[in-house]
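Q:
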Amino acid sequence: MTFNLQRFAASAEPVKGKKIFYLIRRYSKRTQEAAKTVAFQTEGSRTMSKDADSVATKDGTIRVPGAGEVEISLTSLVTEGDGVHDDLEEAMESGELMEIWEVNVSEKGTDDNADKYKARYHQGYLTSLELSPAPKILRSFRRPTQSMEWASKAT
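Be aware that the sequence shown starts at 6, since it is given in this note's numbering, and climbs by one per residue.
(1) Closest by CA to A57, which one among I67, R51, L79 and S50?
(2) For Y126, list the residues DSSP reports as bridge partners.
(3) Express the C-alpha separation of R35 and E95 in angstroms, rounding to a whole number.
(4) If we ignore side chains and look at the alpha-carbon of each, how far apart do G86 and D92 end up?
(5) Quick check: the segment 23–34 against the segment 99–113, are there 3 or more CB pairs under 8 Å?
(6) Go to V43, then tell me how far its alpha helix (DSSP H) extends in each direction, as first and last residue.
(7) With burial defined as no fewer than 16 other Cβ atoms inside 10 Å of the residue's Cβ, what is the status of S81: buried or exposed?
(8) Counting C-beta neighbours from all protein chains within 10 Å, is the total for K21 16 or more, i.e. buried, or is it exposed?
(9) Assign G114 to buried or exposed, taking buried as 16 or more other Cβ atoms, counted over all protein chains shown, within 10 Å of its Cβ.
(10) Between A1 and the rest of its own chain, which residues show a CB-CB distance below 8 Å, the 5 nearest in sequence each way excluded?
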């Protein structure tokens, strides 16, 4: 079997990380405020997983898939006076449901959303929030970083 790998080189271009960013909002504030951009995002990833159980039958073993889960990890620099970090800490402490959008600005929306960008929407809970001093990037530029993770059921 042969593969024509050149078909990707001619027409496809990889999605650059700087074209994907995340918007967040507490679910309880969905009618009061718009989603907020997490400023100065440095890393972001989405992992989908699904457990499966094996069941022995007389005809042989079958695998029964479980419910899907999505984990979103995000790292950003913290800005002073932004308010997003404080909002995230409050949501983490209270166990509040969050909304998160993964937006790909390299792809335009379609139909009724033609004036928007392609996005994935998730609801879930913050499972980890870390604030740590930033490494020395430049001698005169130091900002703390924050890392966060969401866990949700696939929607």
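Idealized CB from N, CA, C, for every residue including glycine.
A: On the basis of the supplied data:
(1) I67
(2) W106
(3) 16 Å
(4) 12 Å
(5) yes
(6) Taken as a continuous stretch (DSSP letters only), V43 belongs to no alpha helix (DSSP H), as it is neither H nor E.
(7) buried
(8) exposed
(9) exposed
(10) Here the chain covers residues 6 to 160 and nothing more, so residue 1 does not appear.
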